[in-house]
Amino acid sequence: MTHLATDVDVDRTAALAAAEDLAGTLDPAFRRRFDAHFPTLHGLFRRLYGERPDAQEQLSAVVAEAAASWGARPLELKALDERREEDPEWFQSERMLGGVCYVDRYAGSLAGIREKIPYFQELGLTYLHLMPLFDSPEGNSDGGYAVSSYRRVNPALGTMAELTELAAELRLAGISLVVDFIFNHTSNEHEWARKAIAGEPGYEDFYLIFPDREMPDAYEQTVREIFPDDHPGAFVQLEDGRWIWATFYHFQWDLNYANPAVFRAMAGEMLFLANRGVEILRMDAVAFIWKQLGTTCESLPEAHLLLQAFNEVLRMAAPSLLFKSEAIVHPDEVIQYISPGECQISYNPLQMALTWEALATRDARLLQQALERRHALPDGTAWVNYVRSHDDIGWTFADEDAAELGIDGFGHRRFLNDFYVGRFPGTFARGVPFQENPKTGDARVAGTTASLAGIEAGDAGGIDRVILAHAIAMSTGGIPLLYLGDEVAQLNDYGFRDDPATADDSRWVNRPAYPADRYAESADPTTTAGKVFARMAELVRVRAATPELAGNALVGFDAHLPSVLGFQRRGEEEGASVVLVLANVGDDLVLVDPVTLSGFLPEAWDLIGLEMRDLTQGLALPPHGFVWLRVIPAHA
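Printed below as a string of structure tokens:
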């Protein structure tokens, strides 16, 4: 074994030799990408693995696997690589629309998903995120987030061959396949886990295993307890008395990325999935992937270095593949994961949480502040804006931001939890608490959009709130993401309590099975499902025809009304028109003063209502109402 050299050319030669040994003659396309990305990869490996004696060997093995993967990459995917290199901002288009679902709950199987492709096209999807579908333990597998193999599909859903065929059909339909890549941990049934426990050479250091409580106790002085209902602290005890790191559930064991062999192994799994036709990997729990004694073990600098290194490997062998960050942490930390060289797209948990905050308080100021202060992103990146996910709502706003508006963060979170789980007098919401901690008062909220917005409760504003929340997500920039079924106002599924595999995880309340009755009513404008579907489809249609809504840039607009959220989306050309978005989160009609709108020419085109508006008369916004107005700045 040899250390990494200070001279990159020495290790470059070794890596090329390993690549040629494994893959044979390297074609010009791979050589070009290797030359472009190896120096950066080498530098990252030096920073991560320093003087480890196996560092050069593992780096060479990574490059060799990348070369072999490129050699095996199907021609149609190499053609996709070329198209994406010619149009690197493809995912910033106004035509982008994401959908997300569980395969089994929405369609039964991968074959069922294939049958729904015509519907996905009708809806306007260009991005389909299939929730964890890999082989995982029977019973509670954290919804598939405990992966037993990244190369086998859960047999109940189909096969890897079927997933590959599905990816190809989606690609022909203009839809990019997105899957979860759970890379902080594996299930305790994974082959690596079994070999590590058995002490098999090469795997004994794949996980963080300690003989007694000395080191676990030391680490737990500074790390968070994530799932206290499952187990205390960050470690669980093995049958032989040893302790293993398990940040989340007891059957999810954290990988040890301080070992470069783990990096190599996980890079190989990414390359495998890329060659099956996966176009975007949702990088799960990115904040937790590096451990260091005396720290919180969240969002450490090495976590970013790892993501950057994985990127360099993928750029060599699957350059069109993107990473999506899933970091539900402080807003200042979320943004740190987003860059062209790290995660090109990212969930926007702050906007999601504050949309619900605004609907509960009937006050848009905290959301307005976030859009003006925390929405900007580096060039070449985009937000994924979602109204809700398969998970829970955590109130991730920064306490210091709230304090500027006279809001106490701790008390406000308690109020929001009470409001959305039906404990606050007069609430319209019907959510359920998730991971409520009686010691700290901390909790999160689960529920479908329709149940949280008031439809389940029969509140008169329920439908309007559902549409308003999606209108915000579709107009702020990036990729709007729709949890499939929400477009027909699916309600909470309380049946999860009757299934031992889900009874202890209240998030299953917002993971209902395919709402066949709601879809059957989607064409009937007299039904709730029909009303929501028609208005949602209109939002999608208008967005796709509005180039100003492409990209991510946003300029705030002060409507001088606390219940009104306001911002502008500008076209790229000088003097181009502007789309002004105004959204009233309150329960009362409000009038935006003509003086407030005097910075625009009087005539404005209502993109949703398809009519001219005279801004000299001001603008009336009904309760939970919004407008997308194409306006011309008066100074243009």
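If you count the sequence shown from 1, position 557 lands on 638 in my numbering, and the numbers rise without skipping.
The beta-carbon is built from N, C-alpha and C at its ideal position, and this holds for glycine as well.
Nothing here was measured: the structure is a model prediction, and the numbers come from that model.
Judged by pairs of C-beta atoms under 8 Å, the segment 140 to 159 does not touch the segment 169 to 181, as fewer than three such pairs exist.
Less than 8 Å divides the Cβ of Ala-99 from the Cβ of Ser-141. Shown here for Val-621: same chain residues with a beta carbon closer than 8 Å to its own, the five before and five after excluded, namely Leu-178, Leu-204, Gly-205 and Met-555 in chain order.
Judged by their CB atoms, Leu-289 and Ile-263 are not nearer to each other than the 8 Å cut-off. Here Arg-578 is exposed. Its C-beta has fewer than 16 other C-beta atoms within 10 Å. Shown here for Pro-606: same chain residues with a beta carbon closer than 8 Å to its own, the five before and five after excluded, namely Lys-612 and Ala-615 in chain order.
Per the DSSP secondary-structure output, Arg-650 pairs in a beta bridge with Val-660. A residue is called buried once 16 or more other Cβ atoms fall within 10 Å of its Cβ, and Arg-546 is buried on that count.
Taking C-alpha positions only, Thr-677 is separated from Arg-252 by approximately 46 Å. Under the three-state reduction of DSSP, Asp-216 is assigned to strand. DSSP places Trp-437 in the helix class (H, G or I) of the three-state scheme.
Per DSSP, Asp-482 is one residue of the alpha helix (DSSP H) stretching across 480 to 485. Note that the segment 277 to 288 does not touch the segment 243 to 251; fewer than 3 beta-carbon pairs, one per stretch, sit closer than 8 Å. Under the criterion of beta carbons closer than 8 Å, Ala-104 and Ala-145 qualify as touching, at roughly 7 Å. Look at Ile-419 here: in three-state DSSP terms it is strand. Between Pro-412 and Ala-483, the CB-CB gap reaches or exceeds 8 Å. Under the criterion of beta carbons closer than 8 Å, Met-364 and Leu-388 qualify as touching, at roughly 7 Å. Ranked by Cα distance from Ser-401, the first of Tyr-284, Ser-257, Pro-514 and Asn-429 is Ser-257. Less than 8 Å separates the beta-carbon of Leu-696 from that of Pro-675. Under the three-state reduction of DSSP output, Trp-171 falls in the helix class. Cβ contact annotation for Ala-96 (same chain, cutoff 7 Å, sequence separation greater than five): Phe-119, Leu-140, Ser-141 and Val-144, in chain order. Taking C-beta atoms under 8 Å as the contact rule, Arg-651 and Val-659 qualify, at a distance of about 5 Å. Here Pro-643 is near Ala-445, since their CB atoms are less than 8 Å apart. Counting C-beta atoms within 10 angstroms of its own C-beta, Lys-372 has 16 or more neighbours from the protein chains shown and is therefore classed as buried. Between the alpha carbons of Ala-597 and Asp-293 lies a distance of about 52 Å.
Less than 8 Å separates the beta-carbon of Leu-672 from that of Ala-701. Here Asn-591 carries a helix assignment [DSSP, helix/strand/coil]. Counting only the Cα atoms, Ala-408 lies some 21 Å from Glu-301.
Buried is the label assigned to Asp-567, since at least 16 other Cβ atoms lie within 10 Å of its Cβ. Burial of Tyr-187 is indicated by the presence of at least 16 other C-beta atoms within 10 angstroms of its C-beta.
DSSP places Phe-308 in no beta strand (DSSP E); its state is neither H nor E. Shown here, Tyr-284 sits in coil according to DSSP, grouped into three states, outside any helix or strand. For the 8 Å CB-CB criterion, Gly-422 and Asn-392 form a contact. Ile-370 and Gly-690 have their C-alpha atoms spaced approximately 48 Å apart. The beta carbons of Gly-193 and Met-212 sit no closer together than 8 Å. Here Tyr-200 is exposed, its C-beta having fewer than 16 other C-beta atoms within 10 Å.
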